[in-house]
Ligand code: SF4
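Numbering (this note's numbering), first residue to last: -8 to 290.
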């Protein structure tokens, strides 16, 4: 094995061990793993991620500056609303949490308006990772390179999820989309703050198990309600999980086992709660009226 190549490591336990043995951070593991998989050089990998970061940066700020509405007209304007509230300086959750929420809502609204986003890991959950990482970057006074390392560390968490589970709401419910994104963001934030790979996966485990069983129930079959607000909550949850891990609180159940349990819960979930819009919030009277309004369909 040369310095830039790594054996396939599909579990958090393996990755933590590899990082420990080679004395490298999670971000470096992600770069070497991607080089191995794609044949790209480390510089090309970082450059590619930089371009993703640019798209993410625009998506988490665009709808904060001016109201952006979805094509269906069902949602929009909330990121700008939250931005104005944030500027009052009288928020309950504090500036970092509000920044994360506003950024996540912004990306979700840009997505619903058919704007440009970076799916991370999916379009439906596109706001969580960039908004949570950016809020943490601002809070910690870090630069863009640190943000890139955070994104790479988040991708290492995503690699484990992608190798052993699913990101699809149609397979695993919203725990698979927003839950995965929140876990990735939590792991990335810990890495940005100087935590160890083990702490990153502890944060990821805490975030994921907190939404285990979360159903996928989009109103009118559109990725808007409740998706946008789940993005906002997923970003805040990532920050909270990262804080716990940085305080050296461990996840008593290791990440690999939490993930296995989430897969098992997803399999037990009825089809009505897996993106079919036949259950959960999607069949409430208000949701059915919205569906009729958009598509002219009787419930
Ligand atoms: S509710 Fe379903 S469509 Fe919406 S973000 Fe969650 S998984 Fe995606």
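Every residue, glycine too, gets a C-beta built ideally from N, C-alpha and C.
Would the C-beta of residue 214 count as close to ligand 1, meaning under 7 Å from any of its heavy atoms?
In this structure, residue 214 has its CB closer than 7 Å to one or more heavy atoms of ligand 1.
Return helix, strand or coil for residue 349, following the three-state DSSP convention.
The structure shown has nothing for residue 349, since the chain only spans -8 to 290.
Over what stretch of residues does the alpha helix (DSSP H) that includes residue 180 continue unbroken?
For residue 180, the uninterrupted alpha helix (DSSP H) run begins and ends at 171 to 183, by DSSP.
What beta strand (DSSP E) runs, 3 residues minimum, are completely inside the region 118 to 176?
The beta strand (DSSP E) runs lying completely inside the region 118 to 176 and spanning 3 residues or more number zero.
Straight-line CA distance for residue 202 to residue 97?
Whole-angstrom Cα-Cα distance: 22 Å.
Can you say whether residue 78 is buried or exposed, counting buried as having 16 or more other CB atoms within 10 angstroms of its CB?
Per the 10 Å Cβ criterion, exposed.
Would you check if the distance between the CB atom of residue 120 and the CB atom of residue 175 is smaller than 8 Å?
The answer is yes: Cβ separation under 8 Å.
Can you have a look at residue 341 and say buried or exposed, based on whether 16 or more other CB atoms are within 10 angstroms of its CB?
Absent from the model: residue 341. The displayed extent of the chain is -8 to 290, so no value can be given.
Confirm the yes/no value for this check: CB of residue 208, any heavy atom of ligand 1, distance under 7 Å.
Yes; taking the cut-off as 7 Å, the Cβ of residue 208 has a heavy atom of ligand 1 nearer than that.
For residue -7, which three-state DSSP category applies?
Caution applies to residue -7, whose pLDDT of 41 falls short of 50 and renders its modelled position unreliable; the value that the coordinates give is listed next. The DSSP-derived three-state label of residue -7 is coil.
Can you tell me whether residue 280 is helix, strand or coil according to DSSP?
In the structure shown, the three-state DSSP call for residue 280 is helix.
In three-state terms, what does DSSP make of residue 80?
In the three-state reduction of the DSSP assignment, residue 80 falls in the coil class, being assigned neither a helical nor a strand state.
Mark residue 11 as exposed unless 16 or more other C-beta atoms lie within 10 angstroms of its C-beta, in which case mark it buried.
Answer is exposed; the Cβ neighbour count stays below 16.
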